[in-house]
Each structure stands twice: as C-alpha cells, then as structure tokens.
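Trainee: One line per chain: the protein sequences are U, A, G and F, in this order.
Each residue of the first sequence is one higher than the one before, counting from 10 in the working numbering.
Each residue of the second sequence is one higher than the one before, counting from 10 in the working numbering.
Each residue of the third sequence is one higher than the one before, counting from 5 in the working numbering.
Each residue of the fourth sequence is one higher than the one before, counting from 5 in the working numbering.
Positions of the beta carbon are idealized from the N, C-alpha and C atoms, including for glycine.
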Amino acid sequence: MTHELGNMTMAKALNEGLRKAMEDDPKVVIMGEDVGKLGGVFRITDGLQKDFGEDRVIDTPLAEAAIIGTAVGMAIRGYRPVCEIQFDGFVFPGFDQIVNQVAKFHNRSAGLVKMPITIRIPSGGGIGAVEHHSESVETYFAHTAGLKVVACANPSDAYWMIQEAIADDDPVIFIEPKRLYHAGKSEIDDEPTPLYQARVLRPGAHVTVAGYGMTVPTLLEAAKVAADDGIELEVLDLRSVSPIDTDAVVESVRRTGRLVVVHEAPQSFGVGAEIAARVTQRAFYSLEAPVLRVTGYDTPYPPSRLEHEWLPNLDRVLDAVDQIMEY
Amino acid sequence: MTHELGNMTMAKALNEGLRKAMEDDPKVVIMGEDVGKLGGVFRITDGLQKDFGEDRVIDTPLAEAAIIGTAVGMAIRGYRPVCEIQFDGFVFPGFDQIVNQVAKFHNRSAGLVKMPITIRIPSGGGIGAVEHHSESVETYFAHTAGLKVVACANPSDAYWMIQEAIADDDPVIFIEPKRLYHAGKSEIDDEPTPLYQARVLRPGAHVTVAGYGMTVPTLLEAAKVAADDGIELEVLDLRSVSPIDTDAVVESVRRTGRLVVVHEAPQSFGVGAEIAARVTQRAFYSLEAPVLRVTGYDTPYPPSRLEHEWLPNLDRVLDAVDQIMEY
Amino acid sequence: MTERVHAVQPEPNMVQLLTPEGQRVDNPAYPLDITDEEIAGLYRDLVLVRRIDTEAIALQRQGELGLWASLLGQEAAQIGAGRALKPHDMAFPTYREHGVAWCRDVDPLTLLGLFRGTNLGGFDPREHNFNLYTIVIGAQTLHATGYAMGVVRDGAVGTGDPSRDTAVLAFFGDGASSQGDVNESFVWAGAGNLPVVFFCQNNQWAISEPVERQSRVPLYQRASGFGFPGIRIDGNDVLACLAVTRKALDDARNAQGPTLIEAYTYRMNPHTTNDDPRRYRLGSEADTWKLKDPIERVRAYLTREAGYESDFFAEVEAEAKKLAEHVRSGCRELPDPAPESAFDNVHVTMPPELREQRDDFVSFVAEVSA
Amino acid sequence: MTERVHAVQPEPNMVQLLTPEGQRVDNPAYPLDITDEEIAGLYRDLVLVRRIDTEAIALQRQGELGLWASLLGQEAAQIGAGRALKPHDMAFPTYREHGVAWCRDVDPLTLLGLFRGTNLGGFDPREHNFNLYTIVIGAQTLHATGYAMGVVRDGAVGTGDPSRDTAVLAFFGDGASSQGDVNESFVWAGAGNLPVVFFCQNNQWAISEPVERQSRVPLYQRASGFGFPGIRIDGNDVLACLAVTRKALDDARNAQGPTLIEAYTYRMNPHTTNDDPRRYRLGSEADTWKLKDPIERVRAYLTREAGYESDFFAEVEAEAKKLAEHVRSGCRELPDPAPESAFDNVHVTMPPELREQRDDFVSFVAEVSA
Ligand SMILES: Cc1ncc(C[n+]2csc(CCOP(=O)(O)OP(=O)(O)O)c2C)c(N)n1
Ligand SMILES: Cc1ncc(C[n+]2csc(CCOP(=O)(O)OP(=O)(O)O)c2C)c(N)n1
Ligand SMILES: [Mg+2]
Ligand SMILES: [Mg+2]
C-alpha cells in the first residue's frame, strides 16, 4: 500500500515533506536565499512562504555564514531551522559556522543544548551548469565529527528523509541530487525507512555496487546491463553517508566478495576510501578483489561540456565491474 | 655533511627557512595575525618584520577570509604570499577562499595564472590548549583538488620543506606540528629531500607504520619498543599528505605485508582511509592483514585533560601492531 | 528580517550629469569636460554592449549557451566605470560586467566559454587587466583588495607619474554587500588606505530579493563606517558614472585611498536566463525604469543638443549588426575542449596520482569510443 | 596596511558619567537616576570580578589552569553592560566576559572548566541566559543575531510588557570588528531591525595588533552604514556603561532595533597568560591608563561624594577574600572527566561506528591500566 500523495517528482516530494514538517512542528523555520516568493531557484520551497508566512520561511540577506550562524542562535532559542544553501559550491562561506559551531555546540554544552539544524544542499553535476554549481561536498561534512550526512535518491526517500532529518535532534547535512529533482515521478511509500539505514535496491550474487544520491540510478542501470552478460550486481543505496550503514555493506560483501563504490565527489580522501577501508578490515577474508572506486576525478569540476565523460557514468561503472570480476 | 646552520629546534628552523625564502625572492611576503612585532604566537616569524619591513611581513586585520582572499589578489599581481593561520581551528573562516579560489584559480585561468600561495597552519594537539587550538585539518585540504598538503616532522625538513613549498608554483597547505616546535634540536641536512617524497626513517621487515607530522616521533618510539619484542617496524614519514607518495608505501608493504597508518585527525573519511584504499588496491595479494588505522576518534577534539588518551599515542600504536601481527 | 522595515529612500542626493530627458546638468564636485564626440563614443559603447547582450540571450535560447546573465539596464554603469579606467588599472568583475569587459578590449567571445561550458574562464586576467568572472558572490572584492596591496608594494601609487600610478576597480552587487568578504575588503581597504574603488551596481534585486532585504539604508552609506567616502550616482547616467568613477580612481592613484560608489540602476531582465521574475516583482516596475533608459537619454542629448543625425545612428546600428554576427558565428565555432583537458592545469606540476587517473581516463575513453 | 594611516582619534565625544577623579557628570541623553547604595553595589561587583581574575591568573601560574584571559581594566565595561541586562535578556560573551558572567549569577567555577581543560564549556546557556564562551572570533555575534530572530518570532519585543520584551547583548572585541561574521551580523540586525545590542570592548589591542590595524576611524561609526546608531562610551566608567547599555537594551526591547556600543577601554594585562606584551607595546601605555582605573573612580566617588567609610570597603575586601578562597579551592576540586566521556554528547544519538570506537577505547584503556 502506498501513500495517498501518490506519484510525484523528487522536487515535489521535498516540497511536500517540508510542508509536512512545518505543519507538524511550529518551531520549524526555513531560511535561505530566495526561498520565499521565488520558492528557491529549484522551487523546492514553492508556496511555503505564502502558506506559513514570512516569519517561518525567511528570505535572508546574501550571506551563508550568517544563514548558518543565525540558525545556531535560533536553535539555542528553541527553533528547528532548515537552511537552504542555494548551490553546493556556495556552502563554503558558511563552512566555519557549520564545522566549528553547528557540529560542536551540543558537545561543547555537555549535551545540554541541541542543534536540530538541517542544512539542505542541492548537490552534484550533470545539469550543464557553470562553475561552483555542480560540486559534491559531502565528504567535508562526513569527516566532521558531530554532523550526520544523508542523501536521497528517489521521491519517496526525499519525502520521508527530509522529515526524518528535520525531526532528528542532531544537525543533518541533507544532500539533494539536483539532477534528480525532475528525473521522473514515483510513488511515495506509506512508511519511512529509518534514516541511517542502507537499502538493497536489487539483490545480486556477483558484485556489490554501492552509491547514494545522484549515482543510484546509474547503479540500477548498470545492474540491468550487467545482467544481460550474466553478471548479477547487488545494488546498495547507502542513503546515509555518515554514519555509513557499514553492517549492510559488509553483509552484502560477505556474499558477493566484490565491492564497487560510486560517487561524484573527487576520488582521493573521498567516501569510497572510507568504505573500502572499513569493509576491507571487517570482511578481509571474504574479499575476492580489492574494493574499486568509480568517482569524480581529482580535479575541479570540469566545464559542463566535459561533465558527462568526467562523471561516474554507466560505462565507467560497467568497466569497474568487468575489472573486479577479473580478480 | 650537514648544513652550516647546525643544531636547532623546528620553530627556529621554520624561522630560518622563511628568512631564506624571503632573501631568495623579493616577491615573498608573509601575511597573518600578529606575525609582525610579536613574531606570531609561536614566534615562527620572529624578527622577520624587523629585518624585511612592514611591507613584506604584514600584520593583517583579524579576518582569515581576507588573509587568503587578499593573498589571491597579491598572487595575481605577481607576489608569492605566505599566509599564517594562527591555529588550525581558525582556518575555516578562510575555507571558501582556499577551496573555491586558491585551489581553482590556476585551473579556471587555463593555467595562465599561478597561485604560488603557501598557507602555514600550526596543527594538532597535545599542548594542553583550549578548544579550536588542537585540530588536525589536513583531510579537508587533501580532498580538495588543486591543493597540495605537506607536513614536516623534524627541524631539517621544516627548514627545507617550507622553502620548497614557497618555491612551488602551486598552492601548498603547510602543516606544522605545533607540539614539535620546541621538542628538541637537530641538525639541518645539507640538501633538501624532494617535497613530495616519503622517507623511510627506519627499515623493518614485519610491519610498515606510516604517519606524518606530529605522529612521527610516536612511530619511531613504537619501533624501538616493538624491536625489544622482536617485531621490526618499518617507519615511514609520508611528509606529503597530498599527493601521497603511494609508490613508497606500496613498495614497503610489498615487503612487510602489513600496514598501520597513524594520524591525529578523526578516523572516518580521513587520510588513513585513502591510504588503506590505495594500498589494498595496488598490493592486494601482498597484504597479510587489512590496513589498520590508529587515529583521533570521530569526536570533536576533547578537553585537554583527556587528550593524551584520545590521541594516537604509543600504547595505541603498539596495540595496533599486536593486532595486525595476529592476522 | 521579514518586513520592509524602512524602504530604501528612492534616490536621494544622487549624482546626475545627464537627465533621463537628455539634459546636461553640472555638478561642481564632478566637473566633466567631455566633447560631444566623446559622448557619441559612449553612445556607441552603450549600443554595442546592449547588442552583445541581446545576442547572448538569443544564443542561450538556441541552446548555444547554457546560461547568460544579462546586463540590460546597467549599460551606463558599466561603460561609465569601464571608460574611467586607464589601461594599466585593474578591474575585478562579477559575472555580469560584459560592458566593462568591452571597455577593456576583451573580445565578447572570450566571455562566452564560461557560459557555453567550454571552459571556466580560460583567459589571462593580466592581458587586458580584467579579472576572470567570479561567481562566488563577493569573493573578487578581496582579490581586488589584495591586488591593490601589491600595487602599493610595487610603489605604483602616489608617485605623480600617470603612467605608473595604478588603481583597482572592484565590482559587486547590492546583494553582495551582505557578504562577509565584501565587508572585510572594506576593512582592509580602509585600514590600509588602499588604491581600490568599490563599484556597487545596485540594480535593486539579488535574484528575487529586493535591496531592502540587505539594508535599510542606502548602500553608499556603508563606506563611512570603514573610514572612506561613499557616494550614490545615477547608474543609468553614463556621464555621472564616468565622472565620479574617474575622480575616485584618481584619488586612489594619488594615495587618497578607497571610495565606494553605489550606482543606482535596475536589472531590466531576469537575473539570468534561468530566472522567472514574474514570481517576485511587478512588470510595472520595469516600465517606470524604462523611462530612465541609459541609452535613450544619450541619444536624446546627441540629437537635440549635439546635432547628431540619423547617419551617425545608422553607422552605429550597422556596427552593432557586424558585432552581433561576430558573436553569433564566433560562439558556434568555439571549440569543444578535449575530454582529457579536464586534467590539465589542475596543478602546475601534475601529481602522479592524477596522472594515473588521467591515463586511465584517456585509454578508457579511447576504448569506449572504439 | 602597514603604517598607522590615521591614528584613531583619542576619545572624541565619548559618553562619560563619572570622571576618573570620581566626579559625577550629567548627560541629558543618558539620565541615570541611581542611588549611592546602587553605586556601592557596582563597586562591590567591580572589586569581586577583579578578584576572580587575579585568582584565576594565580591558578594558571600554579598549573591549575592551562590558560586564562584576563579582564583587568575592563571591569567597568563588563559590569555596566552586565547589570543593564534583565534576567530574561540573553548575553553572548567572547572568552573574556568573566564580569558579565558574574552579573548573570554564573558561578566563576563554571567558567574554569574550559581553561582547566576539564570540559569545553559544559553549561546550559539558558540556565542563566549567558551563552557558552566562544573562542572563534566573531562567531557569537551571529548566534546572538539568530537568537534575536527567535525572540521576534516569539513575539517578545515591543509588546510593552516588561516581563516579556527581551533583548540580546552580543559582546566582541576591537579585533573582531574586522571579521566577516561580525559585519554580517550588523547587516542582518539592521535589515531585520532585530532586538540585539552589539557591545564592543575596544581594549585597544587584538593580541599584538593596535586597533588602527583594524580601522582608521572609531569603531562606533561602523553602525551607521548598516542603518543603526553607534555610540562610544568611556569603557572605564561603570555608570556610563550601565546607562548607555540600559538605554540600548530598552530600545531593542521596544522594537527600536539594534545599537552598537563601543566601550573605549584598555587591556591592562597580557592578551592571555601565554602572551608577552613587551614585544609590542610600551609599559608606559598601561601607566597612563592606570590613571583611568575603573574601580578607583568609583571608590573616590563613594568616599568623597557619598560618605562611604572604611568599614564598607573592608566588608567588600572580606567578601573578595571569601570569593577568592571559593575560586582557589573550587578550581582544584573540579573533577577530571572520565576518559570515555570524550565520546559523550557528540551526537544526541550515538552512531554505531562511534559506539564501536568508544567500546574499543574503553576496553583498551582498561587493558592498559590493568
Ligand atoms: C556565495 C554565493 N552564494 C550564493 C550565490 C547564488 N547567487 C548567484 S547571483 C546571486 C544574487 C546576487 O545579487 P547581487 O549581488 O545583487 O548581484 P546581481 O546578480 O544583482 O548583479 C546569488 C544569490 C553565489 N553565486 N555565491
Ligand atoms: C577566527 C579566529 N581567528 C584567530 C583567533 C586567535 N585569536 C584569539 S583572540 C585574538 C584577538 C582578539 O582581539 P579582540 O577581538 O580585540 O578581543 P580581545 O582579545 O582584545 O578581548 C585572536 C586573533 C581566534 N580565536 N579566532
Ligand atoms: Mg543586484
Ligand atoms: Mg581587543
């Protein structure tokens, strides 16, 4: 049985999820650039200011450090701010407030003050944008103690995960794969999956392919193609980047013996490295091959004319699958 | 044969290295908070303003974004700025200018403009400081394409590496292990080692232990103690965190079959993960055991009364060696 | 935060030297001796950069550009400021200063790569003393400030030698005035008495946010608290923009320190070709600003006061056509970069790990396309 | 950047209600009706917080504290501002506002954990409406601004109900005035007409940098360009600090928006116990400021004008002794945290990976110490 909301895009699902969160808790406020009348440049907050008022959907001055810093103050006052960063590349002016304040405040106060702040970041590439509009910044936050980082990959998760993130008393970096905002409609599940659990999207015996957010559709596609060559991929949507549902990955790898991790962020010192390190430690004797990574390269995000070859695309994932099968 | 400078502490060696760099190139300028009369809170720039003038050793207003951002402008004008960040935890207000501008400018200009900026960051813990004064921030920069990250671990490297970093036409994040500034004197080598090469400090047959900066003395200590139990550790000072001298690590691991990576930064999504992932991929069949990591924990840096147990100390390194020998 | 606390006063004591009707007015503080021929030259600039803009918008519609940020309505601010620069001065634009680029002799095609997605800028800022476009709001004001620090250290201010004394011109928008970077650049410029002029095009909007979201007082007033003068000018009056910027740049070159100029203007088009202004502002707003059009008033002056006739305007039109054609065809001919070029110029010296990634990439691409 | 371009004017039009000699002066703009008894109360505060400071410095020398940031010379600014607060107002300190903490009834021992290294602050800011100390320069001004946004949304300004209307007081230093965060907080407070008062203790130095490195004009002037009033007060005059802060907080509570107060004072001690001021300033500077001591003038007033006699001063002295003893013994008795407590309160709900690290740590520590 599925949710009465029925079919919708990820953009609409996020909008509905935010609406629900604001209805459920009067302390939830949305802050960001152009989130009011415009509904954000991606229209994710469309109509919310009209319905909840300018006090709860706040068009802020143009300053990311202040968007995050004032959210910290509002949280101390008892609010539950949801900050929108307009594009991934523009989170960095707010980085100090996120890393030194949001991430640490609960700890510094010996657990007496909570920081239930959700920071929404439309992320990743593939939309033909200019520089700073296609970055994958999750690793910076995953490496920061005190933060949680999640990424939705389908409308139903978008609808539920944004509500779970807002309801979480810990600060959550919410990665929205902007390329998928309008990539098609699907049903909203009747029930949420716990926020920090991975999900097996497709079982398979030969290779585990794990990703999150924007890369998940590519993994499913790869599984279809590989199946024609008789290679069964087990597709894992991690959903949470930090904490990682390590048990789920290890459990799968114990069966397949092979793991390919996929993300758009640069490879080095990225999420794939952590997963490789953990899985290799916990499933050392089950691994038939080293964990392989299909990721963005160690370069700035390229000009859009180059992005499709630069990104971890279907071909590159299939190539990694072939490579790992050769061990 | 060793350098006529003779014996000195790391603090003095950095000071002499900076002095030499300023003598060698009139375009080298030092910028930061309190770097002038005070010589910096650690006295690393002691006497330089007196000798090179206020135009070349610049006491800046209190704003890290501006220290980095103006350095970018000076680089465009043909200068070679050396920025001092007073303490690791205070680099974050300058993070946007580092990640979006310093790291990318050469690339954005199609290689027509160089960013020969060195950013010195006194780093790490163990000095009994208050919060934000003991962080290890190297991973954030290592994950950022366009930046190089190095860390010195002894006076001679400090003297040579700071000069090599400043002479490098690429931006370099220069990690200074503040705990070692005055940890004892030693000779200055007559010749520099290439900046991005690791160095074997002690050969050993059983386990490779790799670290950089602040943790290196602990590794050497561990090697001594382990030797008494008949376990030979090969101690690798990585020196460069990005790029990593992967060949050197792999070559060592091919012989020892075992690798323990040590750093103070939090474990998850840290430098150890990247090394584990690379080495496992390149030396899969040589590994007798998974790569183990001895690192800071996934928490904010603790109150100083807890830091010595929290840090990757001798006992923790030896424990990891025991564990890895059991495979 | 959420109510318009005080609306920003409409246009108080704003320097204007040419009325919307095309009447010259004098301002003793900003004497401008300029020949009608020079004014005709400015007219030409205004028309040509508007034409570049029009073409770029068309190219975006045709899918030749991924995005375009239109300067429509801001031509006078950009031409006035741009023409006040000397060749050896340095300009730091945002992403909208196509008019300034024109004044710096930057071929319009040079600007298109960023918007077409064939490069990330890809030119040398020092070739025309015009920096790469900067998209991260406010960041370039610190670069300009640092560049000015370099100018001072080069002994290129206050020498009295016009070929040596150098000024820096930093552009930013009304929205950008809220960024920490911009205010820090004010701190440094003021405390350091640096030769930098801050030129704020207050086009009333930061995407969907009116300027009152950023400040309840006029933006030019921001400067005084940092220890340097601020002045508001009619940003649709090319003569005022020229005269006031010229004065400010002279002061900078003469070691008199920074100035903040607020050019009061209007963004006639959507924020970019992606934007839909109907969601947040009334069309009537643009209608009233149409009456203050930066080009019409110059045309009116030239016809009524300076006796320029249709043949002149026809010439300029013809030149605009040629330029448009250059932009159209040149854009389509912009070469697509080679896939592996993504690995170029990440570093001056490529690290081994990256070289390995590059080689894998190259052989893989070859394989796939084979 | 590097020469003292204009020295900051010494002390122009600075509000003063009590001269260094202990003479009351009236200022029509800031009427203060205060009884001698209340002034005696302020004297007590001043003496006690100076005593706390003296003890903390001694404890640092004895190795009981890792570090201490002394307030010596800034007692009047902190007591005046602190006593202007109502219990339900909220204060956001830097790391030096021990005097404000005192006014908020925060036990001095609560402050010592951070400096002793037994915790990172470790108290609930809402218990005494006094935030955790913030070491990252300027960051707290944005927290204060956001808190004020919350106050507005709670309908706790401008209601006329004194038990409801709430103001926020944000502390920062002269050096902090250069940080983007601080200037962004001015932008938001001005544009949003927020009930926040910015209290800048200009103690003339940011570690080794004199205030001219940060600004060539007096800092209080910074406010006007953001759309709210700024005022400079004698920061060594507790009455001026009380009166002016009271007025500013009242304005904030009455929805009149923000105020910037620059308390002109002096850091008599090194920046912290780690600092060596002999490297960058003359001892004679401190000597001249000694003549403006914040406590002496109140003592002079109480003796000469209000007839207080030695027994009163003896009482305060006795109380100071008791307090000192409390700080001394209390500090030594501060419990060392349990090693595994480093893993507590990183998150509200501990993720599995961290729990694993914690369990390994606990068993390892047990092993080692076994
Ligand atoms: C740091 C940062 N945050 C957000 C953005 C997204 N953005 C692009 S333009 C813009 C509005 C800029 O307004 P203004 O400064 O007035 O310049 P204008 O576009 O009006 O010329 C915003 C928010 C950005 N580019 N950089
Ligand atoms: C972002 C940041 N940069 C640098 C520092 C190091 N630091 C600590 S105090 C200080 C000077 C602060 O001066 P001021 O704001 O005048 O306050 P004061 O110490 O004089 O009370 C500096 C640079 C810091 N704590 N935070
Ligand atoms: Mg604008
Ligand atoms: Mg100070």
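(1) Per DSSP, which one or two residues make a beta bridge with G:Q205?
(2) Return the Cβ separation of G:T149 and A:G26 in integer angstroms, given the expectation that the two are a contact with Cβ distance under 8 Å.
(3) Starting from G:D185, find everything on chain F with Cβ-Cβ shorter than 9 Å and list it in chain order.
(4) Determine which residues of the stretch 78-92 of chain A have a Cβ less than 9 Å from any Cβ of chain G, and write them out in chain order.
(5) In terms of residues, what are the limits of the beta strand (DSSP E) holding A:I171?
(6) Just checking my contact of A:A84 with G:D185 at CB under 8 Å: how many whole Å lie between their CB atoms?
(7) Run through DSSP, which three-state label would F:T292 get?
(8) Taking only three categories from DSSP, how would you classify U:V271?
(9) Is there at least one non-hydrogen atom of ligand 3 closer than 7 Å to the beta-carbon of G:A210?
(10) Relative to the C-alpha of U:M124, which residue among U:I130, U:V111 and U:G133 is closest?
(11) G:E188 versus chain F: which residues are under 9 Å apart at the beta carbon?
(12) Indicate whether U:L204 and U:A162 have their beta-carbon atoms separated by less than 8 Å.
(13) Take U:L320 and list the residues in its own chain whose beta-carbon comes closer than 8 Å to its own, dropping the five residues that flank it on each side.
(14) Under 8 Å by Cβ, that's how I've got G:I235 and G:I265 pegged, so tell me the actual separation to the nearest angstrom.
(15) Going by DSSP, what residue range makes up the beta strand (DSSP E) through U:C92?
(16) Does the distance from the C-beta atom of A:D55 to that of A:G45 stay below 8 Å?
(17) Mind listing the chain F neighbours of G:Q3? Cutoff is C-beta to C-beta under 9 Å, in chain order.
(18) With C-beta atoms as the reference, is G:V172 less than 8 Å away from G:V200?
(19) Just to confirm before moving on: does the CB-CB distance between F:V191 and G:Q218 stay below 8 Å?
(20) Between A:R208, A:D198 and A:S143, which lies nearest to A:E13 when the distance is taken from Cα to Cα?
(21) Give me the Cα-Cα distance between G:A342 and G:L115, rounded to the nearest whole angstrom.
(22) Rounded to whole angstroms, how far is the Cβ of A:T148 from the Cβ of U:A154, which I believe are closer than 8 Å?
(23) What does U:A72 reach in chain G if we use C-beta pairs closer than 7 Å?
(24) If we define contact as Cβ-Cβ less than 8 Å, is F:G121 a contact residue for chain A?
(25) Establish whether the CB of G:Q208 and some CB of chain F are separated by less than 8 Å.
(26) Could you check the C-alpha separation between F:G311 and F:D297 for me, to the nearest Å?
(27) So, at 7 Å on beta carbons, what are the nonlocal neighbours of G:I83 in its own chain, with the 5 sequence-adjacent residues on each side left out?
(28) List the whole-angstrom C-beta distance separating U:H115 from A:N109, where the pair is believed to meet the contact cut-off of C-beta under 8 Å.
(29) For U:I184, which beta-bridge partners are listed by DSSP?
(30) In the DSSP assignment, find the beta strand (DSSP E) that holds A:I39 and state where it starts and stops.
(31) What residues are listed by DSSP as bridge partners for U:F99?
(32) Between F:Q218 and chain G, is the shortest Cβ-Cβ distance under 8 Å, so that the two count as touching?
(33) Rounded to whole angstroms, what is the Cα-Cα separation between F:R282 and U:F150?
(34) Taking C-alpha atoms, which residue in G:R301, G:G162, G:V221 and G:F202 lies nearest to F:A193?
(35) Give me the Cα-Cα distance between U:L315 and U:G279, rounded to the nearest whole angstrom.
(36) Looking only at its chain, what residues have a beta carbon closer than 8 Å to the beta carbon of U:S295, apart from the 5 residues adjacent to it on each side?
Mentor: Quick answer:
(1) Partner(s): G:G177 and G:A267.
(2) Actually they are not in contact, since the Cβ atoms of G:T149 and A:G26 sit about 28 Å apart, beyond 8 Å.
(3) Result: G184.
(4) Residues passing the 9 Å Cβ filter: G78, T79, A80, V81, G82, M83, A84, I85, R86, G87, Y88 and P90.
(5) Counted as a single uninterrupted DSSP element, the stretch harbouring A:I171 is not any beta strand (DSSP E) but the alpha helix (DSSP H) occupying residues P164 to A176.
(6) Their Cβ separation, rounded to whole angstroms, is 17 Å, which puts A:A84 and G:D185 out of contact at 8 Å.
(7) helix
(8) strand
(9) G:A210: yes, Cβ under 7 Å from ligand 3.
(10) U:V111
(11) S182, Q183, G184 and N187
(12) no
(13) G134, G135, E273 and G305
(14) 6 Å
(15) R89 to E93
(16) no
(17) Outside the shown range of chain G, which is 5 to 374, sits residue 3 of chain G, and nothing can be said about it.
(18) With a cutoff of 8 Å on beta-carbon distance, G:V172 and G:V200 are scored as near each other.
(19) yes
(20) A:D198
(21) Straight-line Cα distance between these residues: approximately 19 Å.
(22) With 8 Å as the limit, A:T148 and U:A154 do not qualify as a contact, their Cβ atoms being about 12 Å apart.
(23) S182, Q183 and G184
(24) Against chain A, the CB of F:G121 has a partner CB under 8 Å away; the residue lies at that interface.
(25) no
(26) 20 Å
(27) L46, D49, L50, V53, G103, C107 and V242
(28) That belief does not hold up - the Cβ atoms of U:H115 and A:N109 are roughly 29 Å apart, past 8 Å.
(29) U:I130 and U:A160
(30) V37 to G41
(31) Answer is none; U:F99 lacks a bridge partner.
(32) With respect to chain G, the C-beta atom of F:Q218 has a partner C-beta closer than 8 Å.
(33) 42 Å
(34) G:V221
(35) 21 Å
(36) V262, R263 and G266
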